[in-house]
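In the numbering used here, the protein residues as written are 3 to 256. Think of the CB as a built atom: it goes at the ideal place given N, C-alpha and C, for glycine as much as any other residue. Small disclaimer: the values here were computed from a predicted structure and weren't measured. Only one structure is covered here, and it is reproduced in the block below.
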Ligand SMILES: *[C@@H]1O[C@H](CO)[C@@H](O)[C@H](O)[C@H]1NC(C)=O
Ligand SMILES: *[C@@H]1O[C@H](CO)[C@@H](O)[C@H](O)[C@H]1NC(C)=O
Ligand SMILES: *[C@@H]1O[C@H](CO)[C@@H](O)[C@H](O)[C@H]1NC(C)=O
């Protein structure tokens, strides 16, 4: 009996000790054992900080909140004893943000939590692309996600793009997956493309974007500047004609 009593006694001592000093953060959704709160874009995270002092003495300890290193502005009634902040809606920039609560008069008494915002790549819809024969075709897909996508694939008319025989180049910098054809040929490159990004999170599944690529005949390249200069001269002449005419009209009226 005695043996069982001991650990309990120590536990309650420990409990008392952590209760006497410090601050504690409670949140919805809950903080995991690594001090991380799992959330998603557009969701709401609410955090409550309590000074863990004895009820009589430290109940009115003033609290300070920091988001990363910036002080969060709190209203007067939201500082003493306990203080709440709300992140709503959660945005991309909140991913990895650390919220710290500390005593105003003793910065070493603090607690903090970090947000882990998961999101899938913003891929959707369909884009019409017209490209000239022998020009360069570039298709880009945003694959920025947390956690990173597990795979990105490209299809043309429903079958996986053949990088080796069809003159494609595929690059991926972690933010964008880019499919390039340096010298477009209608027979090889016209059709419906899709980029498909897979998330390792089960519920997120696949996101896709479609491109309808039309290859048109090569047009003769005409130098542009002489044309623009010509248009400007014509416009100016017309304007001058109108102005001189305007003078005549005004003279008539007088
Ligand atoms: C701040 O709190 C720590 C931990 O409770 C304590 O050791 C330290 O003496 C305090 N400092 C001041 C200035 O009160
Ligand atoms: C964030 O959440 C994702 C998905 O659950 C997980 O794979 C990743 O390890 C988490 N990152 C951190 C820093 O906790
Ligand atoms: C893809 O399909 C379209 C429409 O059926 C066709 O015109 C085009 O030639 C096809 N592209 C390739 C590369 O087979």
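Not a single heavy atom of ligand 3 lies less than 7 Å from the C-beta of residue 134. Counting C-beta pairs closer than 8 Å gives fewer than three between the segment 130 to 148 and the segment 81 to 89, which falls short of the contact rule.
Within the same chain, no Cβ atom closer than 7 Å to the Cβ of residue 77 is found once the five residues on either side in sequence are excluded. Counting C-beta atoms within 10 angstroms of its own C-beta, residue 52 has 16 or more neighbours from the protein chains shown and is therefore classed as buried. Distance check between residue 95 and each of 159, 208, 148 places 148 closest, using alpha-carbon atoms only.
For residue 111, the shortest separation between its Cβ and any heavy atom of ligand 1 lies below 7 Å. Under DSSP, residue 45 takes part in no beta bridge, so it has no partner.
Taking the Cα positions, residue 85 is about 9 Å away from residue 27.
Looking at 143, 152, 206, 190, the one whose alpha-carbon comes closest to that of residue 180 is 143. Between ligand 2 and residue 149, a heavy atom-to-CB distance of less than 7 Å is present.
Taking C-alpha positions only, residue 81 is separated from residue 42 by approximately 28 Å. Bounds of the beta strand (DSSP E) holding residue 214 are 208 to 218.
Residues 215, 216, 217 of the same chain have their beta carbon placed closer than 7 Å to that of residue 192, with the five preceding and five following residues left out of the count.
Looking at the DSSP output, residue 68 shares a beta bridge with 73, 102. Secondary structure at residue 111: coil, using DSSP grouped into helix, strand and coil. Boundaries of the beta strand (DSSP E) harbouring residue 142: 139 to 144, taken from the DSSP string.
With respect to the 8 Å criterion, residue 139 and residue 182 are classified as neighbours on the basis of their beta carbons. Secondary structure of residue 190 (DSSP, three-state): helix. For residue 27, the enclosing beta strand (DSSP E) stretches over residues 25 to 30.
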